[in-house]
Every structure is written in C-alpha cells, then in structure tokens.
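First up is the structure itself, then whatever we jot down about it.
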Amino acid sequence: MILERQICGRIDGLRETTRWKVEGIFPDGTKLITIDDAIASEYGNLAPVLHGSFLPVPPLDKFPWAEDNINTGDMIYGRKDSIAINSERKAIILRVVNTGDRPLQVLVINFSLLVLFSFFS
C-alpha cells in the first residue's frame, strides 16, 4: 500500500486524517479498501490517479494551501441542551436486505454528514 499513501498530500482539511476508506472499480467488481496513515508526503502525487487518462497532472499552484494557524472548526464544550440537525426535514426509512454472500454497504451523504453503514448477511 505504498503507492496509495503517496496520492494525497497534507492539503487543507485532510492533514489530520489517518485512515481513509476508498472505493475502487476493478474488472472483478467494486472493492472498498482502508488505507492507514493515508498521508505520506507534503504535496501528494496525482500522476497515478490520472495514469491512462488524457488529463495532465495540474501544477501545485492550482491548489490552495491552508495556513497551519487557521482554526478549521469550532468545538463547543459544556453545552447543556442538545443540538438539532435537520430538525425540519422529513425522515426516510429504507429497509435493506442482503441476500448475497458479500458485505453490502449503504452510503448516506447529507451535505456535511457522511455515514457509512455496513450490513452483513
């Protein structure tokens, strides 16, 4: 897994990420892999990602780099009441049944919320 660790660099929002789940499409099907210690270089290397395509590797000046002293989020400690997320939105219940012998993954994406559910038969 050395090549996978070289793709992404310490870009804004990803420098603290240590474990990634990556889904890839292969001739024998789609696979979900986990990359531990995903960041191995400062700027990354997009050449393996774009290999075989007509796209050139973009220059580094096309990517904005965050300053190390910028706070990217807020932490709220000691709050007594709960925080309601999407309280006005209608809920949708989806029943998923896996009849196969492989794990089934249902991915729910909601703008700022990413949840991965794994269902096993």
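So the sequence shown is numbered by this note's numbering: it starts at 51 and just counts up by one. Beta carbons: idealized from backbone N, C-alpha and C, even for Gly.
Per DSSP, the beta-bridge partners of residue 73 are 82. Put simply, the backbone Cα of residue 127 is about 12 Å away from that of residue 133.
Residue 86 and residue 71 have their C-alpha atoms spaced approximately 9 Å apart. 8 Å or more divides the Cβ of residue 69 from the Cβ of residue 80. Counting along the chain, residue 99 sits inside the alpha helix (DSSP H) bounded by residues 97 to 100. When the Cα atoms are used, residue 136 and residue 142 turn out to be separated by approximately 12 Å. Residue 149 and residue 155 have their C-alpha atoms some 13 Å from each other.
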